[in-house]
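Undergrad: Residue numbers (the numbering used here): 4 to 232.
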Ligand code: 4FN
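(1) With 16 other CB atoms within 10 Å as the buried threshold, where does residue 148 fall?
(2) Tell me the DSSP bridge mates of residue 132?
(3) Keeping to the same chain, check which residues put their C-beta closer than 7 Å to that of residue 155; ignore five residues upstream and five downstream.
(4) Would you call the CB atoms of residue 77 and residue 138 closer than 9 Å?
(5) Check whether the Cβ atoms of residue 94 and residue 132 sit closer than 9 Å, and answer yes or no.
(6) How many angstroms separate the CA atom of residue 70 from the CA atom of residue 117?
(7) Can you name, in chain order, every residue of its own chain whose Cβ lies under 6 Å from the Cβ of residue 21, other than the five neighbours on each side?
(8) Can the beta-carbon of residue 44 be found closer than 9 Å to that of residue 72?
(9) Short of 8 Å in beta carbon distance, which residues of its chain neighbour residue 160, apart from the five on each side in sequence? Order them along the chain.
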């Protein structure tokens, strides 16, 4: 899959895209990530990409012209799924991420300042949000989207850490995990995990997942088993 990202701050993506699983996915040729600086498409000598809002009010609005020109240059007239990351979008869910993972190409547009000129919505196919909080830009949401969509592209995760792994796809929180040593600063790993009876361990993990979810995120239980719907 090829993902192009339109942003005023391409440098924000460098560390995330050149590390860990996203780095390996690109080296394997499964994923192609390219950032484009919207400022390079401004048509004024000051390279200004934002302006005052019509009607007044605080802050600045991203201008339509550099975004349209950047989108047209990147899209090259081809059919590409264009997504705007915005707080007014539909919530990004595991189901949506799995659907997006089937796409050949996507273009992500990141807003900044107080937002983007509304006319940009005419060159957008879908608006998505990663959750309800005030942010300074759509760049972090774009990184979140790339990360969680990539997990569903076949071959991106190793066979032992598949995206369909029960611990991620059953909609419950994860059970407590431990690694060596068996005793650390007087704290011992639960007996049942050290004994190694597989069926007993599975049962314990399920109970722990249930209990933790009830305690910390009870709302998730309403969606239990329905996360893939
Ligand atoms: N945010 C809210 C209400 C009004 C504005 C914001 C806000 C970045 C350009 C958008 C935020 C959160 C999740 C993009 C928030 C997201 C953004 C996202 C985002 C600068 C304008 C802005 C939801 C709290 C009621 C700033 C809430 N997912 N405006 O954050 O881009 O994708």
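Beta carbons are placed, not taken as given, at the ideal position from N, Cα and C, and that holds for glycine.
TA: If we stick to the structure as given:
(1) Numbered from 1 along the chain shown, position 145 holds the residue referred to as residue 148. So residue 148 ends up on the buried side.
(2) Here residue 132 corresponds to residue number 129 of the chain shown, with the count starting at 1. Answer is 94, bridged to residue 132.
(3) In the chain shown, residue 155 corresponds to position 152, counting from 1. 100, 101, 104 and 166.
(4) Taking the chain shown and counting its residues from 1, one reaches residue 77 at position 74. Taking the chain shown and counting its residues from 1, one reaches residue 138 at position 135. The answer is no: Cβ separation not under 9 Å.
(5) Position 91 of the chain shown, counted from the first residue, corresponds to residue 94. Position 129 of the chain shown, counted from the first residue, corresponds to residue 132. Closer than 9 Å, so yes.
(6) By one-based count along the chain shown, residue 70 stands at place 67. By one-based count along the chain shown, residue 117 stands at place 114. Residue 70 and residue 117: Cα-Cα distance of roughly 15 Å.
(7) Locating residue 21 in the chain shown gives position 18, counting from the first residue. Excluding residues within five positions, none has a Cβ falling inside 6 Å.
(8) Position 41 of the chain shown, counting from 1, holds the residue named residue 44. Position 69 of the chain shown, counting from 1, holds the residue named residue 72. Cβ distance < 9 Å, so residue 44 and residue 72 count as in contact.
(9) The count along the chain shown starts at 1 and reaches residue 160 at position 157. The answer, listed in chain order, is 24, 154 and 166.
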